[in-house]
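Going left to right, the sequence shown walks through residues 58 to 217 as this note's numbering numbers them. As structure tokens, the structure follows; a few thoughts come after it.
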Amino acid sequence: MPTIIAKPFDQEMQRVLGEITTAYHAGELSAKEQSELPENIYIIDAEDTMVGYGVVWEYDNGNQLIQKAEKDFFNPDERYLEKDFYIDIKSKKDFVFIEALDVLKNFEKKGYAAYFVNWLKAKYPGKKMYVYSLDKSRNFWYKQDFEALGNTAWMTFQSS
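Spelled out as structure tokens, the structure:
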């Protein structure tokens, strides 16, 4: 059975991610400034092997995620396409943003990503969650009971 291990998201972890070539976000996360990273990264571990990882932010208010989204996800000329996101998030308080969830290629299709999402749901009961989904991962998020946020790539989940 896999376990989730919180590790400091420090330069050593960035170095480890920089060596990974079989995960979508690893290179980008390895190159970020320390101030652009959360305190911890969550390692998905199976039999003492890192099979994946998740990067999660806890936010007190919607403006924090709006600033991150405008910097990391939105093209300034296309922000008008994200109006459903702005409308939904601007008044939100105390929620979670899943910046990255990657399973290494050799370990895909074994339920590790779903295990991580279920772990998050248990860790943050009652909290709204957001993820900026890629086209190729959208069906995965639907299977995890996330819903599309209007006509955007953003998806949400309200845990109970």
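A virtual CB, placed ideally from N, CA and C, is assigned to each residue, including glycine. Since we're looking at a predicted model, the values are computed, not measured.
Using C-beta distances below 6 Å, list every residue in its chain close to residue i, excluding the 5 sequence neighbours before and after it, in chain order.
i	result
I62	I100 and D102
L122	Y116, I146 and F154
L94	F66
F130	Y189
D134	none
L86	L74
With a threshold of 7 Å on Cβ separation, who are the neighbours of residue i within its own chain once the five nearest residues in sequence on each side are excluded?
i	result
F203	V188, M212, T213 and F214
F197	A170
Does the Cβ-Cβ distance between residue i and residue j come in under 9 Å?
i	j	result
V160	K167	yes
A171	K200	yes
M186	S148	no
Y81	L177	no
P59	V112	no
Q71	A88	yes
Tell me whether residue i is buried or exposed, calling it buried when 16 or more other Cβ atoms sit within 10 Å of its Cβ.
i	result
S92	exposed
P182	exposed
A179	exposed
Who are the Cβ neighbours of residue i in its own chain at under 8 Å, not counting the five residues just before and after it?
i	result
T209	L138, E139, D141 and F142
K150	D117, N118 and G119
G207	K140, D141, F142, I144 and D145
Please identify the residue among the options whose C-alpha is closest to the C-alpha of residue i.
i	options	result
Y110	S194, K89, K184 and L74	L74
F152	M107, S190 and N120	N120
P65	N97, F130 and N132	N97
N163	Q71, I77 and E85	I77
For residue i, which residues does DSSP report across the bridge?
i	result
Q215	K185
M107	D102
I155	V113 and V188
I127	Reading the sequence as shown, one finds Glu at residue 127 and not Ile. Per DSSP, none; premise fails for E127.
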